[in-house]
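Below is one structure, written out as structure tokens, with a few remarks after it.
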Amino acid sequence: MVSPIISALAPDSSIVAILYIISFSLFIFGIKLGTHPTSARRGNTVAAVGMAIAVATTLALEGIGNWGIIIVGILVGTIVGAVASKKVKMTEMPQMVALYNGLGGGAIALIAWSEYRHWIHQGEEATNYLKEFALVHGMSPEAAADGISRIAGPSVSLEVLIPTLLAMVIGSISFWGSNVAFGKLQELIPSQPLALPGQKIINAVLLIALVVGGVYLGINNEYMDLDQPVFIAMLVVAALLGVGVVMPIGGADMPVVISLLNAFTGLSAAAAGIALDNTALIVAGTLVGSSGTILTLEMATAMNRSVANILFAGFGSPAAGGGGDGEQRPYRSMTAQDAAIQLAYADSVVVVPGYGLAVAQAQHTVKEMADELNKKGVTVNYAIHPVAGRMPGHMNVLLAEADVPYDQLKEMDEINPELPQTDVCVVIGANDVTNPAAKTDESSPIYGMPIIEVDEAQQVLVLKRSMSAGFAGIDNDLFYNEKTSMVFGDAKQTVQDIVAELGNL
Numbered sequence: 357m358v359s360p361i362i363s364a365l366a367p368d369s370s371i372v373a374i375l376y377i378i379s380f381s382l383f384i385f386g387i388k389l390g391t392h393p394t395s396a397r398r399g400n401t402v403a404a405v406g407m408a409i410a411v412a413t414t415l416a417l418e419g420i421g422n423w424g425i426i427i428v429g430i431l432v433g434t435i436v437g438a439v440a441s442k443k444v445k446m447t448e449m450p451q452m453v454a455l456y457n458g459l460g461g462g463a464i465a466l467i468a469w470s471e472y473r474h475w476i477h478q479g480e481e482a483t484n485y486l487k488e489f490a491l492v493h494g495m496s497p498e499a500a501a502d503g504i505s506r507i508a509g510p511s512v513s514l515e516v517l518i519p520t521l522l523a524m525v526i527g528s529i530s531f532w533g534s535n536v537a538f539g540k541l542q543e544l545i546p547s548q549p550l551a552l553p554g555q556k557i558i559n560a561v562l563l564i565a566l567v568v569g570g571v572y573l574g575i576n577n578e579y580m581d582l583d584q585p586v587f588i589a590m591l592v593v594a595a596l597l598g599v600g601v602v603m604p605i606g607g608a609d610m611p612v613v614i615s616l617l618n619a620f621t622g623l624s625a626a627a628a629g630i631a632l633d634n635t636a637l638i639v640a641g642t643l644v645g646s647s648g649t650i651l652t653l654e655m656a657t658a659m660n661r662s663v664a665n666i667l668f669a670g671f672g673s674p675a676a677g678g679g680g681d682g683e684q685r686p687y688r689s690m691t692a693q694d695a696a697i698q699l700a701y702a703d704s705v706v707v708v709p710g711y712g713l714a715v716a717q718a719q720h721t722v723k724e725m726a727d728e729l730n731k732k733g734v735t736v737n738y739a740i741h742p743v744a745g746r747m748p749g750h751m752n753v754l755l756a757e758a759d760v761p762y763d764q765l766k767e768m769d770e771i772n773p774e775l776p777q778t779d780v781c782v783v784i785g786a787n788d789v790t791n792p793a794a795k796t797d798e799s800s801p802i803y804g805m806p807i808i809e810v811d812e813a814q815q816v817l818v819l820k821r822s823m824s825a826g827f828a829g830i831d832n833d834l835f836y837n838e839k840t841s842m843v844f845g846d847a848k849q850t851v852q853d854i855v856a857e858l859g860n861l
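Residues in the sequence shown are numbered from 357 upward in steps of one, following this note's numbering.
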């Protein structure tokens, strides 16, 4: 019932081209609006409208069938997405991003599988037709076989086969890798690096196997020779590679990993678009792939590490103790009440949030502290490190949820020159990204990594549960700086105590 109506309304090629141009123009405009928090919401809406136009245009193309499955899929996806976006907490946004990105990669892999099955079905139809033809006309089995090999010949061009295989492999890697990232972030599996002995060699063998399988299918690209078991084996190998690459990466490197997997999903979508000759899919996938790649490279630069180093040579397991060589070094500590007094008499305060802020869910309490300080005439800003947290922009998202004004969020390069004139820096849950060893100790594994130069401030307060090391497994020299005072305890409770004391001053 639905199919004839849609077919009657199917647009001609020129209208399709115009609608696709409109859709990916809206994609680009939406991304542009998304670069600033004040317009980000509109950017999401604009990009969503562009996607709706692209989907509607594609569904209106002649030859689209299985409308029952399509409608059910749209309804289920819409309901699940809407409910999840309402129920998921902002602190769980990294998990949601990883999961949704994985679903995108999985969808692309299934599209590639469907296209491959379509080719096999065409080959089977051609074979059956020729067998019936031979039977009717009394042809010998040898002549029938010769006819099949000549008539059904090389119908799958490499221009279509190669992007299909790329879409399948990259999409599968993205799906399984994103699910591992989700598991680490959700703590369903340990967040520390986990690897089998010889994991790098195993990954290299899996990659070689994918290349060999792709070459085999490229050589045997006739409908009659398409080898379904090889294609299925490549899907399985790609899945193992996705798990094998992400599993050895620790939770602190997840922002880079999620961004890279996002780029993979975009590239797989672009490859699928080439295979299906779908302009909107090519453009959308290219936008996602290129932006994800740029973001990945920028974050890797912010860590003074290459993407290859993050993927294949991480820092290792996070330390459970104090890190370093176990030497006891002197440090100062103070109570939340003393910290409140120090903050109340400051002129300028910079808050440096990290993953610990997200774990403690202290963003709203930190906003309350800033409001109390503002009432006393204290200027409060926030220093944001590019890789703080567990996803790109993690700290921005958390602080935005707490209604922190965007003009108070300062990027690392912007805030560092202001820190020598800052009276007090409050470090909440940030560790390695504030470690002065990155500037001074050439033997340190984080040497050369750009940091928030907290040690340049007049006074430093570090809110932390203990003196434990960060993800790099080394002591933070900032903790032992003569300017630094440690305020031990749960970050949220400590800030609440500071807020209460500020109200009494």
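C-beta atoms are modelled at their ideal positions from N, C-alpha and C, and glycine is treated no differently.
Can you grab the Cα-Cα spacing for the pair residue i / residue j, in whole Å?
i: Leu819; j: Asp846; result: 8 Å
i: Ile397; j: Gly386; result: The residue you asked about is not Ile; residue 397 is Arg in the sequence shown. If I take the Cα positions, the gap works out to 9 Å.
i: Lys731; j: Asp703; result: 12 Å
i: Thr401; j: Thr434; result: 15 Å
i: Val648; j: Leu616; result: The sequence as given places Gly at residue 648; Val does not occur at that position. Spanning the two alpha carbons is a distance of roughly 6 Å.
i: Glu774; j: Thr721; result: 25 Å
i: Gly462; j: Gly622; result: 12 Å
i: Gln542; j: Arg746; result: 11 Å
i: Ile614; j: Leu861; result: 44 Å
i: Ala551; j: Gln814; result: 43 Å
i: Ser369; j: Ile467; result: 23 Å
i: Ile557; j: Val567; result: 15 Å
i: Thr796; j: Ile807; result: 12 Å
i: Leu459; j: Val612; result: 18 Å
i: Glu471; j: His741; result: 43 Å
i: Met690; j: Ala537; result: 37 Å
i: Thr520; j: Ile588; result: 13 Å
i: Leu643; j: Tyr762; result: 26 Å
i: Asn559; j: Glu724; result: 48 Å
i: Trp423; j: Val602; result: 37 Å
i: Ile638; j: Ala626; result: 4 Å
i: Ser441; j: Gly406; result: 20 Å
i: Ile425; j: Gly527; result: 22 Å
Consult DSSP for residue i and reduce its assignment to one of helix, strand or coil.
i: Ile740; result: strand
i: Ile802; result: coil
i: Met407; result: helix
i: Met524; result: helix
i: Tyr842; result: Reading the sequence as shown, one finds Met at residue 842 and not Tyr. In this structure, Met842 counts as strand in the three-state DSSP scheme.
i: Leu442; result: One point to set straight first is that residue 442 is Lys, not Leu, in the sequence displayed. DSSP places Lys442 in helix when its eight states are reduced to three.
i: Leu389; result: helix
i: Leu562; result: helix
i: Glu809; result: coil
i: Ser673; result: Interpretation of Ser673 is limited by its pLDDT of 45, a score under 50 that renders its predicted location unreliable; the figure taken from the coordinates is listed afterwards. Note: Ser673 maps to coil in three-state DSSP.
i: Thr735; result: strand
i: Val760; result: coil
i: Gln451; result: helix
i: Gly859; result: helix
i: Tyr836; result: helix
i: Gly606; result: coil
Could you please give me the residues that DSSP links to residue i through a beta bridge?
i: Ser822; result: DSSP output for Ser822 lists no bridge partner at all.
i: Val708; result: Val783
i: Ala689; result: Going by the sequence as given, residue 689 is Ser instead of Ala. Answer is Met842.
i: Glu767; result: Ile740
i: Leu817; result: Val782, Ser841
Nearest by alpha-carbon distance to residue i: which of the options is it?
i: Phe844; options: Asp833, Asn860, Arg821; result: Arg821
i: Val851; options: Ala692, Asp763, Pro801, Asp759; result: Ala692
i: Lys445; options: Pro792, Ala714, Ile476, Gly527; result: Ala714
i: Ile303; options: Gly749, Ile464, Val411; result: Nothing about residue 303 can be reported from this structure: the residues present for the chain run from 357 to 861 only.
i: Pro776; options: Ala744, Asp788, Glu809, Ile802; result: Glu809
i: Gly733; options: Gln584, Leu858, Gly645; result: Leu858
i: Glu448; options: Met751, Leu699, Ala404, Val601; result: Met751
i: Gly390; options: Leu563, Gln548, Pro553, Ala404; result: Ala404
i: Gln548; options: Tyr572, Pro604, Val561; result: Pro604
i: Ile476; options: Pro761, Ile384, Gln584; result: Gln584
i: Tyr376; options: Ala416, Thr394, His392, Gly399; result: Ala416
i: Asn660; options: Asn832, Glu798, Ile384, Pro450; result: Glu798
Can you list, in chain order, the residues of its chain whose CB lies under 7 Å from that of residue i, leaving out five sequence neighbours each side?
i: Val736; result: Val705, Val707, Ala726, Leu729, Asn730, Gln764
i: Phe835; result: Tyr687, Val818, Met823, Met842
i: Thr652; result: Val612, Ser615, Leu616, Ala619, Val663
i: Gln719; result: Leu713, Leu754, Leu755, Glu757, Ala758
Taking CB distances under 7 Å as the criterion, tell me whether residue i reaches chain C.
i: Gly399; result: Absent here is chain C; the protein component of the structure consists of one chain.
Using C-beta distances below 6 Å, list every residue in its chain close to residue i, excluding the 5 sequence neighbours before and after it, in chain order.
i: Leu632; result: none
i: Ile545; result: Gly539
i: Ala739; result: Val706, Val708, Lys766, Ile771, Ile808
i: Val599; result: Trp532, Val536
i: Thr778; result: Ser704, Val706, Ala813
What do you reckon, is the C-beta of residue i under 6 Å from a heavy atom of the ligand COA?
i: Thr414; result: Among the ligands in the structure shown, none appear at all, so the ligand COA cannot be discussed.
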